[in-house]
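Peer 1: First the structure, then my questions, so here it is.
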Amino acid sequence: MDLKKLKMSKEIKLSKSILEMKFMKKTKEKVDKAEEDAEGQAMYSNEITEEMKKSGNIIFRPASITICKRLVEGRLSFGGMNPEIEKLMATDYKKIVVEVEKRKEKDITDEEMAQRHSTVVNTISNKFKKKRNRNKKFQKPPTNEPLI
Amino acid sequence: MSELSPADFYLPGEIIRNLKSKDREVIIGPGLCRNESDTKSLIASQAGYLCFRAPNTYWLEGRRNRYIPKKADLVLGIVTKKSSDNLKVDIGSAESASLSMLAFEGATKKVKPDVNVGDVIYAKVINAHKEMEPELVCIDQYYKAGKLGVLSNEGFVINLKQKLIQQMLNPENPLLRTLGRKFPYEIVIGVNGKVWMRANQCKDVLTLCRAFQIAEYQKETDIIGICRQFK
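These protein sequence lines are chains X and A, in that order.
Take 71 as the starting number for the first sequence in my numbering and just add one per residue.
Take 419 as the starting number for the second sequence in my numbering and just add one per residue.
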């Protein structure tokens, strides 16, 4: 029952006048976006079916270089030159930079760790080898002999 | 981005095959267009190296310097003409872009923004078609200006190569951050190749210009290496 109710409530459509109200801004955006998406998909599906009739193939979507290369927004300020911009930068640019640097640092340490670890292992094993070589060879005691 | 190999070099008109796609979708960047006769492949429209980013993005990287407007690009423009409710903005493309007076934060039909011919504007391309003039806006979907808008006239504008612009906007490139540690400055980089800068001293602006001039002819890996020395 409850599930049904929930599903019903999700499908309820809000009237236009309610959506125009100030506190409904985010919901309005959502509804608008959903509508736009639906419209776009409808248009797109028509296009695709036509194309698919021809050969049934890949869809190409043109995009700008910003999206392809994942570039950041170009308005930047350093050293407190424009505090307003730096406030805005804190939410996007700085987060991206921290992420990038973290990824880089981690990569380097992992590699270094592996290399260093392997060299350390080698040197220590060499050390032990020499010592063992110097000493008498360890012989396994015969199993049938009592230990004491 | 991986290393560029001569096998990935294409000339205009060459056909590109064996594309990786995700859910039968491929995102294509500048320099590529659809092949009408074979829908599985693409045609190169400029000379350059084919680059790929997982899972399904392709673009050509060349030495092209002409800016071709694309939707959602953030560009820097100079106002060349002003009429009652429209501005003509030079963004370096073949045709100058149009910017509505109402596309500013808080602008209405009665209260218009204070923009004059010669002002520098940071705006977003909202419409870009081959047959039409590009259209700009200075607000986001919440009707807020954010980082967009008219820039103060204390700054300097220079033109840089597209390649360097893309390198500077790459978050992995520390060039701007390294310079920012030396002296305070503000910079606005448009994807169209125009750059606006402002610093406390004229000397610092000249330093920036010189740094960009030198960086233009360096490899990206070299720039990162040099910047690391100044840490």
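Just so you know, even glycine gets a beta-carbon here, dropped at the ideal spot from N, CA and C.
Return the CA-CA distance between A/Lys-637 and X/Ala-133, expressed in angstroms with no decimal places.
Peer 2: What you label residue 637 of chain A is simply residue 219 of the second sequence in a count that begins at 1. What you label residue 133 of chain X is simply residue 63 of the first sequence in a count that begins at 1. If I take the Cα positions, the gap works out to 26 angstroms.
Peer 1: Quick check: what's the CA-CA separation for A/Cys-451 versus A/Lys-438?
Peer 2: Numbered from its first residue, the second sequence carries residue 451 of chain A at position 33. Numbered from its first residue, the second sequence carries residue 438 of chain A at position 20. Straight-line Cα distance between these residues: approximately 16 angstroms.
Peer 1: Residues of chain A with CB closer than 8 angstroms to the CB of X/Met-151, please, in chain order.
Peer 2: Within the first sequence, the letter at position 81 stands for residue 151 of chain X. Going along chain A in sequence order, the residues near X/Met-151 (Cβ under 8 angstroms) are Pro-602, Tyr-603, Glu-604, Arg-616, Ala-617, Asn-618.
Peer 1: Give me the chain X residues within the contact set of A/Arg-452, using Cβ-Cβ distance strictly less than 7 angstroms, ordered along the chain.
Peer 2: Here residue 452 of chain A is taken as the residue at index 34 of the second sequence, counted from 1. Within 7 angstroms Cβ-Cβ: Phe-130.
Peer 1: For A/Leu-468, which residues in the same chain have their Cβ closer than 7 angstroms to its Cβ, ignoring the five residues on either side in sequence?
Peer 2: Within the second sequence, residue 468 of chain A is the residue found at index 50, counting from 1. If we look at A/Leu-468 and ignore the five residues flanking it on each side, its Cβ neighbours are Asp-426, Tyr-428, Ile-434, Tyr-476, Leu-478.
Peer 1: State yes or no: is the C-beta of A/Ile-682 within less than 7 angstroms of the C-beta of A/Val-555?
Peer 2: Nothing can be reported for residue 682 of chain A: it is not among the residues displayed for chain A, which extend from 419 to 649.
Peer 1: Name, please, each residue of chain X whose Cβ falls closer than 7 angstroms to the Cβ of A/Ser-439.
Peer 2: Reading the second sequence from its first residue, position 21 is the one you call residue 439 of chain A. Residues of chain X passing the Cβ test: Ile-128.
Peer 1: Cα separation between A/Thr-526 and A/Phe-630?
Peer 2: The sequence position of residue 526 of chain A within the second sequence is 108, counting from 1. The sequence position of residue 630 of chain A within the second sequence is 212, counting from 1. Taking the straight line from one Cα to the other gives about 40 angstroms.
Peer 1: Consult DSSP for A/Leu-505 and reduce its assignment to one of helix, strand or coil.
Peer 2: As a position in the second sequence, residue 505 of chain A is number 87, starting the count at 1. The answer is strand: DSSP assigns A/Leu-505 an E or B state.
Peer 1: Along the chain, where does the alpha helix (DSSP H) containing X/Ile-137 start, and where does it finish?
Peer 2: Taking the first residue of the first sequence as position 1, residue 137 of chain X is located at position 67. Run containing X/Ile-137: 135 to 139, per the alpha helix (DSSP H) assignment.
Peer 1: Can you give me the C-alpha to C-alpha distance between A/Pro-592 and A/Ala-472, rounded to a whole angstrom?
Peer 2: Here residue 592 of chain A refers to the residue found at position 174 of the second sequence. Here residue 472 of chain A refers to the residue found at position 54 of the second sequence. Rounded to whole angstroms, the gap between the alpha carbons of A/Pro-592 and A/Ala-472 is 24 angstroms.
Peer 1: When DSSP labels each residue in this structure, what does A/Gly-643 get in the three-state scheme?
Peer 2: Residue numbering aside, residue 643 of chain A sits at position 225 when the second sequence is read from its first letter. Residue state, collapsed to three classes: helix.
Peer 1: Do we get a CB-CB distance below 7 angstroms when we pair A/Ile-446 with the residues of chain X?
Peer 2: Start at 1 with the first residue of the second sequence, and residue 446 of chain A comes out as number 28. Yes, A/Ile-446 counts as interfacial toward chain X.
Peer 1: Touching or not, the stretch 572 to 580 of chain A and the stretch 607 to 618 of chain A, by the rule of three or more beta carbon pairs under 8 angstroms?
Peer 2: yes
Peer 1: Return the first residue and the last residue of the beta strand (DSSP E) that X/Pro-132 is part of.
Peer 2: Start at 1 with the first residue of the first sequence, and residue 132 of chain X comes out as number 62. Segment 129 to 132, the beta strand (DSSP E) holding X/Pro-132.
Peer 1: In the structure shown, what three-state DSSP assignment does X/Phe-93 receive?
Peer 2: For the purposes of this step, residue 93 of chain X is taken as the residue at position 23 of the first sequence. Three-state result, X/Phe-93: helix.
Peer 1: List the residues of chain X that A/Ile-607 touches, going by C-beta distances under 7 angstroms, in chain order.
Peer 2: Position 189 of the second sequence, counted from the first residue, corresponds to residue 607 of chain A. Correct list: Gly-144.
Peer 1: Would DSSP call A/Gly-573 helix, strand or coil?
Peer 2: In the second sequence, counting from the first residue as 1, residue 573 of chain A sits at position 155. Looking at A/Gly-573 - three-state DSSP - the assignment turns out to be coil, as it is neither helix nor strand.
Peer 1: For a cutoff of 7 angstroms on Cβ pairs, would you count A/Lys-542 as touching chain X?
Peer 2: Within the second sequence, numbered from 1, the residue matching residue 542 of chain A stands at position 124. Judged by the 7 angstroms Cβ criterion, A/Lys-542 is not in contact with chain X.
Peer 1: Tell whether a beta-carbon distance below 7 angstroms holds between A/Glu-553 and A/Arg-616.
Peer 2: Locating residue 553 of chain A in the second sequence gives position 135, where the first residue counts as 1. Locating residue 616 of chain A in the second sequence gives position 198, where the first residue counts as 1. No, the Cβ-Cβ distance between A/Glu-553 and A/Arg-616 is not below 7 angstroms.
Peer 1: If we define contact as Cβ-Cβ less than 7 angstroms, is X/Leu-89 a contact residue for chain A?
Peer 2: Taking the first sequence and counting its residues from 1, the one referred to as residue 89 of chain X is at position 19. Chain A, which has no Cβ nearer than 7 angstroms to the Cβ of X/Leu-89, makes this no.
Peer 1: Alpha carbon to alpha carbon, how far is A/Met-419 from A/Asp-640?
Peer 2: In the second sequence, the residue the question calls residue 419 of chain A occupies position 1. In the second sequence, the residue the question calls residue 640 of chain A occupies position 222. Its pLDDT being 46, under 50, A/Met-419 is placed unreliably by the model, and the measurement read from it follows with that caveat. Going by the C-alpha atoms only, they are around 15 angstroms apart.
Peer 1: Which word fits X/Thr-193, buried or exposed, when buried means at least 16 other C-beta atoms lie within 10 angstroms of its C-beta?
Peer 2: The count along the first sequence starts at 1 and reaches residue 193 of chain X at position 123. Exposed.
Peer 1: Assign X/Met-159 to one of three DSSP states: helix, strand, or coil.
Peer 2: Here the question's residue 159 of chain X lines up with position 89 in the first sequence. DSSP places X/Met-159 in helix when its eight states are reduced to three.
Peer 1: According to the neighbour-count rule (16 or more other Cβ atoms, all chains shown, within 10 Å of its Cβ), is A/Asp-483 buried or exposed?
Peer 2: Position 65 of the second sequence, counted from the start, is the residue given in the question as residue 483 of chain A. One detail in the question is off: residue 483 of chain A reads as Asn in this sequence, not Asp. So A/Asn-483 ends up on the exposed side.
Peer 1: Can you give me the C-alpha to C-alpha distance between A/Phe-601 and A/Leu-594, rounded to a whole angstrom?
Peer 2: By 1-based counting over the second sequence, the position of residue 601 of chain A is 183. By 1-based counting over the second sequence, the position of residue 594 of chain A is 176. So the alpha carbons of these two residues sit roughly 11 angstroms apart.
Peer 1: Looking at the structure shown, is A/Lys-612 part of a helix, part of a strand, or coil, going by DSSP?
Peer 2: Within the second sequence, the letter at position 194 stands for residue 612 of chain A. Reduced to three states, the DSSP call for A/Lys-612 is strand.
Peer 1: Output needed for A/Asp-508: all residues of its chain with C-beta closer than 7 angstroms, excluding positions within five of it in sequence on either side, in chain order.
Peer 2: Within the second sequence, the letter at position 90 stands for residue 508 of chain A. Close CB contacts of A/Asp-508 within its chain, under the 7 angstroms cut and outside five residues either way in sequence, are with Gly-495, Ile-496, Thr-498, Ser-514 (chain order).
Peer 1: Using a Cβ-Cβ distance cut-off of 7 angstroms, determine whether A/Ala-490 contacts chain X.
Peer 2: As a first step, residue 490 of chain A is located in the second sequence; it is residue number 72 there, counting from the start. At least one beta carbon of chain X lies nearer than 7 angstroms to the beta carbon of A/Ala-490.
Peer 1: Return the residues of the stretch 569 to 589 of chain A that lie within a Cβ-Cβ distance of less than 7 angstroms from chain X, sorted by chain order.
Peer 2: Gln-584, Leu-587, Asn-588, Pro-589
Peer 1: According to the Cβ coordinates, are A/Glu-523 and A/Lys-562 closer than 7 angstroms?
Peer 2: The sequence position of residue 523 of chain A within the second sequence is 105, counting from 1. The sequence position of residue 562 of chain A within the second sequence is 144, counting from 1. The answer is yes: Cβ separation under 7 angstroms.
Peer 1: Could you name the residues of the same chain whose beta carbon sits closer than 6 angstroms to that of X/Lys-123, not counting the 5 residues immediately before and after it, in chain order?
Peer 2: Within the first sequence, numbered from 1, the residue matching residue 123 of chain X stands at position 53. Residue placement at X/Lys-123 is flagged as unreliable, the pLDDT there being 49, under the threshold of 50; a coordinate-derived value is accordingly withheld.
Peer 1: Under 9 angstroms between beta-carbons, which chain X residues line up against A/Leu-594? List them in chain order, please.
Peer 2: Numbered from 1 along the second sequence, position 176 holds the residue referred to as residue 594 of chain A. Within 9 angstroms Cβ-Cβ: Leu-146, Phe-148.
Peer 1: Once you ignore the five residues that flank A/Ala-546 on each side, which residues in its own chain have a CB closer than 7 angstroms to its CB?
Peer 2: Looking up residue 546 of chain A in the second sequence gives position 128. Excluding residues within five positions, the ones whose Cβ falls inside 7 angstroms are Pro-487, Lys-488, Lys-489, Pro-552.
Peer 1: Taking A/Leu-566 and A/Glu-634 to be in contact with their CB atoms under 8 angstroms, please state how far apart those CB atoms are, rounded to whole angstroms.
Peer 2: Looking up residue 566 of chain A in the second sequence gives position 148. Looking up residue 634 of chain A in the second sequence gives position 216. That pair is no contact at about 27 angstroms.
Peer 1: For chain X, check one thing: does any of its Cβ atoms lie closer than 7 angstroms to the Cβ of A/Gly-480?
Peer 2: The residue given as residue 480 of chain A occupies position 62 in the second sequence. Contacts with chain X at 7 angstroms (Cβ-Cβ) do not include A/Gly-480.
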